[in-house]
Amino acid sequence: MDDQPRLMHSSHGVGMAGHPGLAQHMQDSTGGADGEGRKQDIGDILQQIMTITDQSLDEAQARKHALNCHRMKPALFNVLCEIKEKTVLSIRGAQEEEPPDAQLMRLDNMLLAEGVSGPEKGGGSAAAAAAAAAAGGGGSDNSTEHSDYRAKLSQIRQIYHTELEKYEQACNEFTTHVMNLLREQSRTRPISPKEIERMVNIIHRKFSTIQMQLKQSTCEAVMILRSRFLDARRKRRNFNKQATEFLNEYFYSHLSNPYPSEEAKEELAKKCSITVSQVSNWFGNKRIRYKKNIGKFQEEANMYAARTAVSATNVSTHGSQANSPSTPNSAGSAGSFNMNSGDLFMSVQSLNGDTYQGAQVGANVQSQVDTLRHVISQTGGYSESLAASQIYSPQGINVSPNLASSLFRCVRNCVLSRYYI
DNA sequence: CCTAATGATTGTCA
DNA sequence: TGACAATCATTAGG
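Numbered per UniProt numbering, the first sequence spans residues 1 to 421.
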């Protein structure tokens, strides 16, 4: 406490606690004749008061009692009252009510929003979810990070509440102690109930300052936790295998136009447990990387084409519709788009396609043949659809048109010959 | 430890 | 605003 709690005088003439007959004493003390003797007495009393702290507790109590019973005590009391009245003016100005603290309100709001000072647990998880949403994160270990965040937040919450309780308890104890002390002192010096009340206010203000520091530290802790959580989410995590497969499936089956609509993105996001923006990122990356080096992705493309063909065939053979098995739901549409609508995506490739590598083409063709063999053996022979699919069209191979055409024919013949055996 | 793969970010353009 | 291109930063495999 930097500013000593000074006793405040209430309005003039208010009775002092424990001293209803103060005026009487005052009049008694002013009319005396033996001034010298009284001065001596007062000097003694003051001396005793000054040395009271040097004495033991029992001694002090005894001395206090003796002072209370001293015949000059009322006179001393009056003097104290006079001094107090004189000092009141200089003190009064310092006792203004503080306006509601904006910073405290901010802290309170934040603690409430973060679920630290809220009514019940669960606010923490909401905040965690909000943080996750803000980070745009998803992913497989989503829940573990959430629980980690929740655990840390509830730890903070617990510490906060424990400390708060401690402070409140200490504040109450101290207030009671001071009030008792003042009541006790009011027997020897003039203290009004209002002054006691003011003293209590001062104590409460001091404790609320401490509370604010606690709130501030808690807020800081939450912010640090939150930023760490968000940073962790911002870290790159590879998508799980299944998610990548879903994305690749879509990409290669829509190779002619690998630009999923918003709805398609949402559906993919749902299937892959990632966000729509992550889907967009993935397609953005995929398109550009595919375009940059088609050869590298050829095998992957073949694999997914084969896979979709297989699944399409399975669907068509097991399903009730037996009309057109050559048009698998996604691959088929892409294929037909490719053939009819001039394949914008791939035509871009043809224009700036400078990645021709002879050996690579050989490998590509070989891998295509292998894939097709595999597909045929799986499907029990179904080649027309595959021959028409964009993967095996001349445009689908990143070579000069003539070479591509001949290779394409070669592959198709190979396939057809196998089929017709 | 090096390197390729890959998800995310940023700046630019139509 | 979405796509693209370049780049960053992290992960994973040898």
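We put the beta carbon where it would ideally sit given N, CA and C, even for glycine. Small disclaimer: the values here were computed from a predicted structure and weren't measured.
For residue i, count the other beta carbons within 10 Å of its own beta carbon; 16 or more makes it buried, fewer makes it exposed. Which is it?
i	result
A170	exposed
R150	buried
K84	buried
M199	buried
R307	buried
N285	exposed
Y160	buried
C81	buried
K265	buried
I203	buried
Q278	buried
T53	exposed
E220	exposed
S56	exposed
T313	buried
T195	The identity of residue 195 in the sequence shown is Glu, whereas the question assumes Thr. Its Cβ being crowded by 16 or more others within 10 Å, E195 is buried.
N302	buried
E59	exposed
When the distance is taken between beta carbons, is residue j closer than 8 Å to residue i?
i	j	result
A243	I274	yes
V222	V79	no
W282	L255	no
L67	I42	no
F239	C272	yes
Y250	P260	yes
P258	R287	yes
R63	Q48	yes
Does DSSP classify residue i as helix, strand or coil?
i	result
E114	coil
F239	coil
L255	coil
P193	helix
R71	coil
Y160	helix
N302	helix
I45	helix
T209	helix
K291	helix
S56	coil
D101	coil
I274	coil
S186	coil
T87	helix
Handout entry: Stretch-stretch touch, CB-based, cutoff 8 Å, three pairs: the stretch 167 to 182 with the stretch 67 to 79
Key = no
Problem - Any 3 or more C-beta pairs closer than 8 Å across the stretch 153 to 160 and the stretch 187 to 201 - result: no
Problem - Cβ pair count under 8 Å reaching 3, the stretch 202 to 217 against the stretch 102 to 113 - result: yes
Practice task
Would you check if there are 3 or more beta carbon pairs closer than 8 Å linking the stretch 198 to 213 to the stretch 109 to 116?
Solution key: no
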